[in-house]
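Numbering (my numbering), first residue to last: 246 to 467.
C-beta: ideal position from N, C-alpha, C; glycine also.
Single-structure report; data block below.
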């Protein structure tokens, strides 16, 4: 199934063409590496594919209901204005599950008060089933696994985002994308700011990635 296609894509800065006639096809579960010397427009192309920049010529078509995640090199821009902590940023991925937790607690209070009819019990069972199937009992474990895999110590998890370095913010963005599990994950130099252990962890994680991958990396062994 095609997730993303381009037709004769081109981009120019003024009178200077950066690239032209680029045709891309990304199918479900594809593994694509984008290579080329610096300055040929790889990052610009990724920005266009991710819908963050308009091309000068050509078209981009994305699959209906397709989810896309993009790790950009300027992660600082992604977190501009956010004051919460690293761990709280990861929790935003699971807002739906956290709402279910709140709903379950409210229903439990009704049941403990002895006011629960069959409709309350049925609603509780329905939400609890959705919560379990959605990974409600596992998501905090997943967050900790990803943060540890990317080289963050537990003492760093409560650090507010504005206090993080640019490289740390890039790792946080990468972690959030891995937890979101988009259908198409676009990674621009994902090994930047990672030590060897984190690079090896990321390699293992991406080997079993359920969706499609489009990666730009200067590390030819990645």
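If you look at residue 288, you'll find it in the alpha helix (DSSP H) that goes 287-294. CA-CA distance, residue 415 to residue 429, rounds to 18 Å. Judged by pairs of C-beta atoms under 8 Å, the segment 389-409 touches the segment 327-342, as three or more such pairs exist.
Here residue 302 is bridged, per DSSP, to 255. CA-to-CA, the gap between residue 315 and residue 457 works out to about 12 Å. The continuous beta strand (DSSP E) containing residue 278 extends over residues 276-279. Residue 405 is bridged by DSSP to 330.
Spatial neighbours of residue 423 in its own chain (CB-CB distance under 7 Å, excluding positions within 5 residues in sequence) are listed in chain order as 391 and 450.
The beta carbon of residue 323 sits closer than 6 Å to those of 418, all from its chain and outside the five residues before and after it, given in chain order. For residue 251, the closest alpha carbon among the candidates 307, 282 and 275 is that of 307. For residue 270, DSSP records a beta bridge to 250.
Between residue 410 and the set 352, 338 and 318, the nearest pair of CA atoms involves 318. With contacts defined by Cβ atoms closer than 8 Å, residue 444 and residue 453 do not form a contacting pair. When C-alpha distances from residue 355 are compared across 294, 387 and 369, the shortest belongs to 369.
Secondary structure note for residue 315: its beta strand (DSSP E) is the uninterrupted segment 313-316. Taking 8 Å as the upper bound for CB-CB distance, residue 402 and residue 339 are not in contact here, some 15 Å apart.
In terms of CA proximity to residue 282, 263 leads the group 438, 373 and 263. When C-alpha distances from residue 271 are compared across 299, 303, 298 and 249, the shortest belongs to 249.
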